[in-house]
Amino acid sequence: MEHHVIPVRTYLAVFVALLVLLIATVGTYYVDLGPLNIVVALTIAIIKAVLIVLYFMHVRYSSRLVWVFAGATVVWLIIMLGLTFADYISRGWLSTTPIQ
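Following numbering that gives the first Met the number 0 from start to finish, the sequence shown increments by one per residue and tops out at 99.
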């Protein structure tokens, strides 16, 4: 099995990008964007996760089978988050007062 060699320059560029995104994450804490705070924070977190998976976990240069499993993991995460949010949103639908 042949391995792709990633140059150190690429690792350094990804590291610098992660540091910039870390600073952006801390910056969003201090800036009040209202309801967009969570959207911006999650967007930054997703970008950081994608960079880590692609470069530090070597998925970018892996076989298609690895890409399929990485995609299946993301789909499973979306399903689990969707079910969690559905439960959270539906909590107030039932009445808590006893029936007389």
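Just so it is clear, CB atoms sit at the ideal spot from N, CA and C, and this is done for glycine as well.
It is roughly 43 Å from the alpha-carbon of Pro34 to the alpha-carbon of His3.
Contact between the region 36-56 and the region 74-87 is not established, with fewer than three Cβ pairs separated by less than 8 Å. The residue from Val38, Thr96, Tyr54, Ile43 with its alpha-carbon nearest to that of Ile22 is Ile43.
For Thr96, there is no enclosing alpha helix (DSSP H), as DSSP gives it neither H nor E.
When the Cα atoms are used, Met56 and Ile88 turn out to be separated by approximately 35 Å.
Within its own chain, the residues whose Cβ lies closer than 8 Å to the Cβ of Val58, once the five positions on either side in sequence are excluded, are Val52, Val65, Trp66, Ala69, listed in chain order. Every alpha helix (DSSP H) stretch that sits fully inside the region 5-46 and reaches 4 residues is listed by chain position as 7-29. Taking all protein chains shown into account, Tyr54 has 16 or more neighbouring C-beta atoms within 10 Å of its C-beta and is therefore buried. For Trp66, the uninterrupted alpha helix (DSSP H) segment begins and ends at 63-88. Between the C-alpha atoms of Val13 and Leu93 there is a straight-line separation of about 48 Å.
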